[in-house]
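This report concerns only the one structure given below.
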Amino acid sequence: MADSKALTTREADFSAWYNEVIMRAELADYSPVRGCMVIRPNGYAIWEQMQQALDRMFKDTGHQNAYFPLFIPQSFLSKEAEHVEGFAPELAVVTHGGGKELEEPLVVRPTSETIIYAMFSKWIQSYRDLPLLINQWANVVRWELRTRLFLRTTEFLWQEGHTAHATEAEAQDETLQILNLYRRFMEDWMAMPVVTGPKTDSEKFAGAIRTYSCEALMQDNRALQAGTSHALGQNFAKAFDVTFQTAEGGLDHVWSTSWGVSTRLVGGLIMTHGDDVGMVCPPRLAQWQVVIIPIWRKEEERDQTFAAAISLMGELRAAGIRVTADYRDMKPGAKYYEWEARGTPFRIELGPRDIAASSVMLARRLGGKESLPMAGLGDRLKTEMDTMQQGLLDQARARREAASLRNPASKEEFIAFIEKNGGFVYAGFCGDPAVEQEIKEQTKATIRCLPDPEFRSKTAPTTCIWTGRPAVVEALWARAY
RNA sequence: CGGGGCGUAGCGCAGUCCGGUAGCGCACUACCUUGGGGUGGUAGGGGUCGCGGGUUCAAAUCCCGCCGUCCCGACCA
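When we follow my numbering, the leftmost residue of the first sequence carries the number 6, and every step to the right adds one.
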């Protein structure tokens, strides 16, 4: 511990680096309850920005928010066979209430399909009630064996959409519309490029007929499942008797979908953009896009500087920039380190020299410091933010491509690449269980998804993070759409 | 549940082999100093050394038991 202020580098120990970034940026903390996370104000602010952006996108596509109970009767889970089988091992169960043992235990929701479809069956009578497009912002609990801050915690915050449709085609459109919405959010707001596509049967959601996911590649070259969208077919409709009268006068079960993203996205943001100084937050999701650091030597200078900072802050806020100022009595350098660790995109240093020259010193989180005239600063900052937002996306995409292998010539090349680099391998070995098993055992690689066409190699159709002969991929892919 | 590591101040750790006054860094409190990249100084607060038992004049240290926690495997938004 020669220098307790030095951050572990990503290169040296990614996991330790990740935890240190979270602690330094004061994003989250461990709680007294094992596996549960306390989200601190800085971390929650990022989640709030995400919520606002996503919520707007949901509303724009006709979805409405609602809220359903935290407790679900245990018997509800059992109504869908695959669903209960998938979630049983990770349920938290309430057996006592009001000092008495309950007649029927209540599970704390691991996801809300069951309670929501129980309600849908009361709400839906006619094809005129469809589609029913509902979203819920909520917390859920899954008793995972091993946890990591933001990425896999016992309790987490998320958004879960649940929709019911009259036809399979319409439900399928919804599933893909949301997948695309997620992708746009992750790329445009988080500057986190993703590969989209259907999951294999073994990886799909418990109870779904098809699962689509957004897969991102982190800086340790490991994949992160950032969001999922499920086509549930009529499975839950049949289990919960969600029927409607068709336009033709018949009776049918609805076709439903469900989809969600969680606070895991905050973890993804850290692992995508963070550097050896700490967090890097894309401007569009930053609580504070700009922080003003007043600098002074003497009392009279302080008053003058504070006044200038307040005035500048007012101007920038009027221009629609999220800006704050740090008036604390600390050395400027100490403040710089703190705001950099938090990931604040831009810092404005404002001292007597700048005020005299009607200029400011602008420092970018990604590096580079220059003196700019105070006039027109708002417009300049907006340009800077656009540049940074785009730069982060480009950088992340370039990193992903550098860590991707397309069309390995042999199983051996595939295994060697994964073992050496990790990353995404677009290849085609799935369909041969023996080879799949061998790769899994030797490399711990798994099939993330069967990439949508645009992500596949131009020379040959492939799948993401391992797969096989194009023909096999084509067959799986055809079945998924 | 299998294999391994660790429990000492809020955090990170030394001390344990070889028993003898409870330590260090960061953080915190007060004052002074400093202020365009973590300023320096002085003083200070904070511990049943994970829990229980045993050996001993004497246990953070040795012995036995228990508990907690972290990492690796099975699970995973």
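Positions of the beta carbon are idealized from the N, C-alpha and C atoms, including for glycine.
Candidates the options: closest to residue i by CA position
i      : options                           : result
Gly102 : Tyr122, Ala93, Cys219 and Val112  : Val112
Arg153 : Ile44, Cys286 and Cys454          : Ile44
Gln239 : Leu367, Ala252 and Ile214         : Ile214
Arg402 : Met197, Arg370 and Glu306         : Met197
Leu317 : Cys219, Asn144 and Met366         : Met366
Asp134 : Asn140, Ser126 and Gln141         : Ser126
Leu382 : Gln69, Gly91, Trp142 and Val328   : Val328
Phe155 : Leu270, Ile51 and Thr233          : Leu270
Glu306 : Arg358, Ala71 and Gln56           : Arg358
Thr268 : Thr158, Thr205, Asp308 and Arg370 : Thr158
Ser36  : Glu160, Asp384, Trp264 and Leu256 : Glu160
His235 : Val247, Ala211, Leu377 and Lys243 : Ala211
Ala361 : Ser376, Gly348 and Phe351         : Ser376
Trp163 : Ala330, Val247 and Ser117         : Ser117
Ile120 : Trp344, Tyr341, Tyr72 and Glu106  : Tyr72
Tyr132 : Lys336, Arg404 and Leu256         : Leu256
Gln447 : Ile423, Gln395 and Ala432         : Ile423
Gly67  : Leu75, Ile183 and Arg151          : Ile183
Met379 : Met335, Leu321 and Gly372         : Leu321
Endpoints, the alpha helix (DSSP H) within which residue i is located
i      : result
Tyr49  : Pro46 to Asp65
Met28  : Phe19 to Arg29
Glu406 : Leu382 to Ala407
For residue i, three-class secondary structure by DSSP
i      : result
Ala465 : In this prediction, Ala465 scores a pLDDT of 38, lower than 50, which makes its location untrustworthy; the coordinate-derived value is nonetheless stated afterwards. Note: Ala465 maps to coil in three-state DSSP.
Gly40  : coil
Glu165 : strand
Gln294 : coil
Gln130 : coil
Glu304 : helix
Arg151 : coil
Ala11  : coil
Ala174 : helix
Glu446 : helix
Leu367 : strand
Leu181 : helix
Boundaries (first-last residue) of the beta strand (DSSP E) holding residue i
i      : result
Asn144 : Leu137 to Val146
Lys416 : No beta strand (DSSP E) contains Lys416, which is instead part of the alpha helix (DSSP H) from Lys416 to Asn426.
Val271 : Unbroken run through Val271 is the alpha helix (DSSP H), Arg269 to His278; no beta strand (DSSP E).
Val285 : No beta strand (DSSP E) contains Val285, which DSSP labels as neither H nor E.
Glu375 : Lys374 to Pro378
Ala33  : Ala33 to Tyr35
Phe460 : No beta strand (DSSP E) holds Phe460; DSSP gives it neither H nor E.
Next on the checklist: I want to know whether the segment 250–269 touches the segment 161–177 - three or more CB-CB distances under 8 Å.
Outcome noted: yes
Next on the checklist: With three or more beta-carbon pairs closer than 8 Å as the criterion, would you say the segment 182–198 touches the segment 383–390?
Outcome noted: no
Item to check | alpha helix (DSSP H) runs wholly inside the segment 72–128, at least 4 long, in chain order | outcome: 79–83, 86–92 and 118–128
Item to check | Ranges of the beta strand (DSSP E) found wholly within the segment 183–266, counting only runs of at least 3 | outcome: 200–203, 215–222, 228–238, 248–250 and 256–258
Item to check | Ranges of the beta strand (DSSP E) found wholly within the segment 310–360, counting only runs of at least 3 | outcome: 328–330 and 351–355
Checklist entry - Okay, do the segment 31–41 and the segment 286–295 touch, 3+ Cβ pairs below 8 Å being the bar? => result no
Item to check | Touch test, the segment 67–83 against the segment 112–121, Cβ-Cβ under 8 Å, three pairs minimum | outcome: yes
Checklist entry - Any chance the segment 408–418 sits against the segment 300–320, with 3 or more Cβ pairs inside 8 Å? => result no
Checklist entry - Okay, do the segment 272–288 and the segment 236–256 touch, 3+ Cβ pairs below 8 Å being the bar? => result no
Next on the checklist: If contact is defined by three or more beta carbon pairs under 8 Å, each pair taking one atom from either stretch, is the segment 292–299 in contact with the segment 214–226?
Outcome noted: no
Next on the checklist: For the segment 137–146 against the segment 163–170, do three or more pairs of beta-carbon atoms, one drawn from each stretch, fall closer than 8 Å, so that the two count as touching?
Outcome noted: yes
Next on the checklist: With a threshold of 8 Å, are at least 3 pairs of Cβ atoms found where one atom belongs to the segment 228–248 and the other to the segment 91–99?
Outcome noted: no
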